[in-house]
C-alpha cells in the first residue's frame, strides 16, 4: 500500500466499524449517510486489499488483518483527536502558561500591577515574564515567538503585526526641586542651557531629537542610561534634567515636572502582537485582559 494515496479520513470509518461491528451504527456515530458509509468501507477494502469485515449473522466480524490494524490505528486516531480537542479553547483558571512581554520600565509600572492583580483573581497559575530589550529587536522576538506581546509607544511595527491602543501619556521635563538654574517656568532657552540625562528605554530620546532638529537645535546630553527610573534617580541627586513620559515619575517626591517648551506628540501606548498569534485562544485572552484592565 502506498500511504501517499491513502485517504486518512477512512481511519475513523475503520475504527468505528470495528468498535460497533455494524456499518449502520458506525454511519450514525460518524454522521454519514448509509450510502456514504458503504462507499467509504468499499474504498477502505480496496486500499487494504482485504475485506476487513465479513458478515456473521447481524454483526460484522473483523478479519485477521483488521484485528492486527485496530490497536495501532485506534491509538493513532486518539492521539490526533487529542491534539485538536482544545484548539480554540483556553482555561485560564487551570492554566500554568508563562507569557513573555516586552516593555519599558514605565510600561512595567503602569501595566504590570493591574495585570498581576487580575491574574491573581482569575488565573493564579499564569505567570508573566517582562523583558527590556532594544526596540530594534522587538519585531524578530515577536515574529519568532520569543515574545508574546510588546507594549509601548512603538511606531515601526507594521506589516505582519496587529496593534491595540491602550492609553496616552504626555512627555514632561523633570528637575530636582530647588534646581538653581530653573525658575517657575521652563523656557526653551532654559531647557537648552541645562545639562541632560537621557534614557535609551522607549522612544522618548529619538522623539526629542527629532523635535529639536526641526528647530536646528540640540541638547547638551551629559549622561545616557538604560531606564527612565534611573533618569529620575539621577535627576533627584544632581542638577541634570531629563525628558520623560509623565507616568515615569508619577508619585515621585522631590521632583518638579515642567511642560515641555516645544511641541511633542503624545506617547500613544499600544500593545502589539504578530499575526501568528492573532487567533491563539490563550493569546486573545491575555490581550483582552490587559486592555480590560487599562481601558476600564
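In our numbering, the protein residues as written are 518 to 813.
Here a beta-carbon is modelled for each residue, glycine too, at the ideal position from N, C-alpha and C.
From a predicted model like this one, the values you see are computed outputs, not experimental measurements.
Residues of the same chain with a CB within less than 8 angstroms of the CB of residue 744, apart from the 5 flanking positions on each side, are 621, 622, 649, 716, 718 in chain order. Three or more Cβ pairs closer than 8 angstroms define a contact, and the stretch 583–603 falls short of that threshold against the stretch 751–762. DSSP lists 787 as the beta-bridge partner residues of residue 669. Under the three-state reduction of DSSP, residue 541 is assigned to helix. Taken through DSSP and simplified to helix, strand or coil, residue 721 comes out as helix. With the rule of 3 Cβ pairs closer than 8 angstroms, the stretch 764–774 counts as touching the stretch 686–705. CA-CA distance, residue 713 to residue 797, rounds to 44 angstroms. DSSP links residue 759 through a beta bridge to 691. Put simply, the backbone Cα of residue 532 is about 27 angstroms away from that of residue 606. Around the Cβ of residue 741, a 10 Å sphere holds fewer than 16 other Cβ atoms; the residue is exposed. The alpha carbon of residue 710 has as its nearest neighbour, out of 628, 738, 545, 807, the alpha carbon of 738. The alpha-carbon separation between residue 765 and residue 626 amounts to approximately 8 angstroms. With contact defined as three or more Cβ pairs closer than 8 angstroms, the stretch 777–789 and the stretch 640–654 are not in contact. Between residue 804 and residue 681 a beta carbon distance of about 7 angstroms is seen, short of the 8 angstroms cut, so the two are scored as contacting.
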